[in-house]
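Sequences listed follow chains W and E, in order. Using our numbering, the first residue of the first sequence is number 1, and each one after it goes up by one. Using our numbering, the first residue of the second sequence is number 1001, and each one after it goes up by one. A virtual CB, placed ideally from N, CA and C, is assigned to each residue, including glycine.
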Amino acid sequence: MKTMPKDTLIAVENMGKRFGEKVVLKDISFSIAKGEIVTILGPNGAGKSTLLKVLAGVVPPSVGEVVRAEGLKIGYLSQGSGRNDAVPMTVKRLLLLSGNKSESDMQKALKLLKIEGLINEDFHTLSGGQVQRALLCRCILRGPDLLILDEPTLNLDFEGRIDFYRLLARIKKIYGCAILIVSHDLHLVMSKSDKVLCLNHHICCQGKPESIQKHPSYAKLFPYAAAKGEQDVGVYMHHHNHKHPLCEGGGK
Amino acid sequence: MTDLFSFEPFIVNALLAGVMLSIVAAGIGSLVLYQRLSFFGDAISHNALLGIALGLLFGIGSDFTIFMVALGAALLFFFLYEKKVAKSDTLLVIIAQAGLALGMIMVAAGGAGSGRLVGFLFGDILSVTKSDIYVVAGCSAALIILLKIIWNKMLLFAFDRETAEAEEGRRKMLLLNLLFILALAAFIAVAVKIVGVLLVTALLIIPAATARFFSRTPEAMVALAALLGALSVVGGVFVSWQFDFATAPSIVVTSAFLGFCGYLLKNR
């Protein structure tokens, strides 16, 4: 494989993954550069989680290889992570699982995630959203170059999701890490992405969010979302062009 | 009542060995519980009898042969498991029973009578000698150091396997797991002489399981498990001394009794 451009954190070329006879991923080529937010979209069973696992190094690829920048630090938040309650664990002890951290570093990260009150709580009694935040807090404390997040908003309500994406933007700003995220929240997440990948065992299309929504493969994968596309793109593209009276208190 | 307090040297030896083993067992046992490997520990300890038999047959120290057989049984399990020969619980029962049965046959072939067989199965803590104490102390120290090295990463692995593999790499985690299995095999090799083939996992599991009721962090759990293990040894030796019961079973029953009290205390 060729050497990577200097800014590239991780790259795959013609990567494939089979489980027995079943081909889950085929001809996957893409790369993530420093500080990029990359979103993966795709229907259920498209191989999104498997792709993330291969990139995170949890599962080896069957074909091709994953090239990582030297010393690349990955923070990986899987869908089922952190629920072995056989291990007694407080939030503080969880944060210390990533090595010795100073009290002030911990406080800073906890505050950013708005869970500073939970530091002495039993991890196993946290709610779904708190669990995500505690795990994410541990990830960012390690100072990763790349955060890999597998449907982190799955158990959150709509407000919670918007909050979460805002949080990601702040994390990126403060810690400077690249973010790879799988999400079904097409439009919420797309507007913040530098690159969007549509996956259905192979990469159907990839590019900037604006161009993706006009791509015929996107329409094929997400007919409903694509049909609404024009309107929904508007939600993020024109939000400084005019005021929405109902949203901004005009309806009072 | 004078009997009660006039400790014979062999009682002191028994207590020393038992307490040292309890401390190591607390750390290893907690990791066994976290990874839900209780039956795995049980299966490889049953194979210790085969190790004893091989030691007798070849006239070499049984510590070494037990360690090798325990390790062999562990690796055999992982090999068969990866090959998907059968489900893990099925494989573990087969490995445990086959090893135990083969061990019984070979112990007899090695010329040991059924009296000694009972000693192997249930241990002989009261026959612990001074040199045994040194072996237990040395092994315990080495195991504690090894556990300290792998502790944080193994905790993360048990807590969230995929995260550990993503952060540390699959190869490194495999190596750490192998070190853990080595520690488990070494513990069994040392402990079998004292509590016997059939009861050695009780020493690993029961105090740790009791400690889990009251622990918020893994380290607190290990500390409490060590204390409970030591109490079980002291209590068990005392009970067996007073009532002339077999010692190792008395230790295990005391440990289970403490576990029951722990459960009641937790759920009162």
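Let me see if you follow: with CB-CB separation under 7 Å, is residue i close to chain E or not?
{"i": "Asp-7 of chain W", "result": "no"}
{"i": "Val-87 of chain W", "result": "yes"}
{"i": "Gln-231 of chain W", "result": "Legend: pLDDT at Gln-231 of chain W = 44, less than 50; position of this residue unreliable, no value from coordinates given."}
{"i": "Asp-157 of chain W", "result": "no"}
{"i": "Ser-78 of chain W", "result": "yes"}
{"i": "Asp-105 of chain W", "result": "no"}
{"i": "Arg-93 of chain W", "result": "yes"}
How would you list, in chain order, the residues of chain E whose beta-carbon sits under 7 Å from the beta-carbon of residue i?
{"i": "Ala-253 of chain W", "result": "This structure leaves residue 253 of chain W out entirely; chain W is present only between 1 and 252."}
Just reading off the alpha helix (DSSP H) that residue i is part of, what are its end residues?
{"i": "Thr-1163 of chain E", "result": "1161-1168"}
{"i": "Leu-199 of chain W", "result": "Here Leu-199 of chain W belongs to no alpha helix (DSSP H); instead the beta strand (DSSP E) covers 195-200."}
{"i": "Phe-30 of chain W", "result": "Where Phe-30 of chain W is concerned, there is no enclosing alpha helix (DSSP H), although the beta strand (DSSP E) it sits in stretches over 22-33."}
{"i": "Val-131 of chain W", "result": "128-141"}
{"i": "Asp-1042 of chain E", "result": "1038-1046"}
{"i": "Gln-1242 of chain E", "result": "1218-1243"}
{"i": "Asn-1013 of chain E", "result": "1009-1034"}
{"i": "Pro-1249 of chain E", "result": "1247-1266"}
{"i": "Gln-107 of chain W", "result": "103-112"}
With a CB to CB cut of under 8 Å and the five nearest residues on each side skipped, what residues in its chain are close to residue i?
{"i": "Lys-173 of chain W", "result": "none"}
{"i": "Leu-126 of chain W", "result": "Val-91, Leu-118 and Ala-134"}
{"i": "Lys-53 of chain W", "result": "Val-59 and Ser-78"}
{"i": "Thr-1129 of chain E", "result": "Asn-1013"}
{"i": "Ser-1215 of chain E", "result": "Met-1221 and Leu-1224"}
Interface residues of chain E around residue i at Cβ under 9 Å?
{"i": "Ile-74 of chain W", "result": "Ala-1166 and Glu-1167"}
{"i": "Asp-122 of chain W", "result": "Arg-1216"}
{"i": "Arg-18 of chain W", "result": "Going along chain E, no residue has its Cβ under 9 Å from Arg-18 of chain W, so there is no contact; the nearest lies around 16 Å."}
Please check if any C-beta of chain W sits within less than 7 Å of the C-beta of residue i.
{"i": "Ser-1215 of chain E", "result": "yes"}
{"i": "Ala-1208 of chain E", "result": "no"}
Kindly list, in the order they appear in chain W, the residues whose Cβ is closer than 9 Å to that of residue i.
{"i": "Arg-1036 of chain E", "result": "Asn-84 and Ala-86"}
{"i": "Leu-1033 of chain E", "result": "Ala-86 and Val-87"}
{"i": "Arg-1170 of chain E", "result": "Gly-57, Val-58, Val-59 and Pro-60"}
Name the chain W residues that come within less than 7 Å of residue i, Cβ to Cβ?
{"i": "Arg-1212 of chain E", "result": "Pro-88"}
Can you tell me where the beta strand (DSSP E) with residue i in it begins and where it stops?
{"i": "Val-67 of chain W", "result": "66-68"}
{"i": "Leu-41 of chain W", "result": "37-41"}
{"i": "Leu-154 of chain W", "result": "Careful: Leu-154 of chain W lies outside any beta strand (DSSP E) and carries neither H nor E."}
{"i": "Lys-17 of chain W", "result": "8-19"}
{"i": "Ile-179 of chain W", "result": "178-182"}
{"i": "Leu-77 of chain W", "result": "74-77"}
Beta-carbon within less than 7 Å of residue i's beta-carbon, same chain only, minus the 5 sequence neighbours each way: which residues are those?
{"i": "Ala-56 of chain W", "result": "Ile-74, Tyr-76 and Ile-148"}
{"i": "Ser-1030 of chain E", "result": "Ala-1208, Pro-1218, Met-1221, Val-1222 and Ala-1225"}
{"i": "Ala-1256 of chain E", "result": "Ile-1206"}
{"i": "Glu-130 of chain W", "result": "Per the sequence shown, residue 130 of chain W should be read as Gln rather than Glu. Here the set comprises Ile-115 and Leu-118."}
{"i": "Ala-169 of chain W", "result": "Lys-192"}
{"i": "Glu-218 of chain W", "result": "According to the sequence shown, residue 218 of chain W is Tyr rather than Glu. Excluding residues within five positions, the ones whose Cβ falls inside 7 Å are Cys-198, Cys-205, Ile-212 and Ala-226."}
What residues in its chain sit with their C-beta under 6 Å from that of residue i, if we drop five residues either side in the sequence?
{"i": "Val-1107 of chain E", "result": "Ala-1053 and Leu-1117"}
{"i": "Ser-1250 of chain E", "result": "Gly-1236, Val-1239 and Ser-1240"}
{"i": "Gly-229 of chain W", "result": "Below a pLDDT of 50, predicted positions are generally treated as unreliable, and Gly-229 of chain W, at 48, falls in that range; the measurement from the model is reported next regardless. Cβ neighbours of Gly-229 of chain W beyond the five flanking positions: Gln-213."}
{"i": "Phe-19 of chain W", "result": "none"}
{"i": "Ile-181 of chain W", "result": "Thr-39 and Leu-149"}
{"i": "Leu-1156 of chain E", "result": "Ala-1164"}
{"i": "Thr-1065 of chain E", "result": "Gly-1051, Leu-1054 and Gly-1055"}
{"i": "Ile-1194 of chain E", "result": "Ala-1017, Gly-1123 and Ile-1125"}
{"i": "Ile-1181 of chain E", "result": "Ala-1074"}
Starting from residue i, find everything on chain E with Cβ-Cβ shorter than 8 Å and list it in chain order.
{"i": "Leu-97 of chain W", "result": "Asn-1152, Leu-1155, Leu-1156 and Phe-1159"}
Closer than 7 Å, CB to CB, is residue i near chain B or not?
{"i": "Asp-1042 of chain E", "result": "In the structure shown, chain B cannot be found, because the protein chains are W and E."}
Give me the subset of the region 1218-1229 of chain E whose CB atoms are less than 9 Å from a CB atom of chain W, sorted by chain position.
Pro-1218, Glu-1219, Ala-1220 and Met-1221
Near-chain W residues of the region 1145-1163 of chain E (beta-carbon distance less than 7 Å), N- to C-terminal order
Cβ contacts with chain W: Asn-1152, Leu-1155, Leu-1156, Ala-1158, Phe-1159, Asp-1160, Glu-1162 and Thr-1163.
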